Every structure is written in structure tokens, then in C-alpha cells.
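Asker: One structure, as C-alpha cells, below. Some questions next.
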Amino acid sequence: MTRRPGLGAIALLVIVALVVARVWVGGGGSGSEEGGTAGQAVSAQVIRVIDGDTIEVSIGGQDEDVRYIGVDTPETVKPDTPVQCYGPQASAENHRLVDGRTVRLVFDRERRDVYGRLLAYVYTTVNGGGAGQSRFVNATLVRDGYARTLTIPPNTAHVSQLGRLQARAGRAGRGLWGVC
101 MTRRPGLGAI ALLVIVALVV ARVWVGGGGS GSEEGGTAGQ AVSAQVIRVI DGDTIEVSIG
161 GQDEDVRYIG VDTPETVKPD TPVQCYGPQA SAENHRLVDG RTVRLVFDRE RRDVYGRLLA
221 YVYTTVNGGG AGQSRFVNAT LVRDGYARTL TIPPNTAHVS QLGRLQARAG RAGRGLWGVC
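Numbering-wise, this note's numbering puts 192 at position 92 of the sequence shown, and it's gapless, one number per residue.
Dropping the structure here:
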């Protein structure tokens, strides 16, 4: 007489299959690199500012490049690309906002770009860092005319806000909108 698998063994196989399927499609549940939980945040120390929309940070002792989500500043360091209009000013403003600071990185749906950089909304504390005292760096760069909006799905949590800020900056001729 052959023994058939019991109900417990079948249930275990189904559970394992579901867990493997969830990880396989990138929904790892714990904020996996490819498909993490939108809104998850980590604290990081800014090591250096690379340009107007990219920084290098230390997270728990590991160095990572971070590309700001939703914004694009004129190029200053891209290989085989000339320095673009208002690029140096955008880089200088990013230095002023984040260089040497502890920042909060908030992730959207996709955690890394094709270059392996973390993708994040970046926040700094202002005025002593009390409750509600943070600066949304991505939005500040757009609002003040240092950056244009750049929408790359699925990271779209702040598309509307950034679009409104860009429209106002453009109408007011702020930053690159008045020069380039």
C-alpha cells in the first residue's frame, strides 16, 4: 500500500509556493531592492553631493549613490555630455541643501535604477528638526527652478505636487526657467 501525502504536507507546499511567487515578482514584503514597500524610509548620512540630483550617502556603514525621484537637473558630470545651462547652480544648491547632513530617504515602488543607484525622495530637517520641520529636497529643487520634473513609473507618488511646483517656477521665471 502506498502512502499519499497528507493534507499538512500539501498545505506546506502551497505556502512555500506562494512565498516563492511573491519574492519572484518583486513584492518581497520587507522592502526588497526591486519592488519594496512605497513610503518605507531610512536615515542616511550624506558623504558627498555628486550633482544636482544625485548624492552619495552612508546607510548603516554601507555607501550608496542615491538618485532623486521625480526630478532632473541640468548635467554637470555626465561623461561625454557638456555642462548644461544652470547645471552648476543646481549642483551648488543641492550642496547647500544636503551636504554633510543626515537625510531621510523615502522610497517609492522601485528602489533602484538601471545603474544600481537607490531611488528616493530626500528630506532634511530644518529649524532644529521638530515635528513637521522637514524640507522635501526634491520639491525644493523644482520649486526654486533648479530642476525639471521627470516621471518614471512606477515611482509616481509625488507627480502632481512636483508638476504644480514646476508650473509655478516656469510662470515666475525662477532659476533655469528664466535663464536657459
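Every residue gets a Cβ at the ideal spot worked out from N, C-alpha and C, and that includes glycine. Just so we're clear, the structure is a prediction, and the values are computed from it rather than from any experiment.
Just curious, the beta strand (DSSP E) that residue 141 is in, first and last residue?
Answerer: 141-149
Asker: So for residue 240, helix, strand or coil by DSSP?
Answerer: helix
Asker: Quick one: what does DSSP say residue 212 is sitting in, helix, strand or coil?
Answerer: strand
Asker: Expressed to the nearest angstrom, what Euclidean distance is found between the alpha-carbon atoms of residue 262 and residue 161?
Answerer: Here the alpha carbon of residue 262 sits roughly 32 Å from the alpha carbon of residue 161.
Asker: Return the chain-ordered list of same chain residues with a C-beta closer than 6 Å to the C-beta of residue 175, the five sequence neighbours on each side being excluded.
Answerer: 181, 184, 187
Asker: Give me the Cα-Cα distance between residue 259 and residue 146, rounded to the nearest whole angstrom.
Answerer: C-alpha separation (whole angstroms): 25 Å.
Asker: Are there three or more Cβ pairs, one per stretch, closer than 8 Å when the segment 248-258 is compared with the segment 206-222?
Answerer: yes
Asker: Apply the 10 Å Cβ neighbour rule to residue 141 and answer buried if 16 or more other Cβ atoms are within range, or exposed otherwise.
Answerer: exposed
Asker: Can you tell me whether residue 193 is helix, strand or coil according to DSSP?
Answerer: Three-state DSSP puts residue 193 in a helix.
Asker: Going by DSSP, which residues form a beta bridge with residue 255?
Answerer: 252
Asker: Which residue or residues does DSSP assign as beta-bridge partners of residue 220?
Answerer: Bridge partners of residue 220: 168.
Asker: I'd like to check one pair, residue 246 with residue 152: are the Cβ atoms closer than 9 Å?
Answerer: Yes, the Cβ-Cβ distance between residue 152 and residue 246 is below 9 Å.
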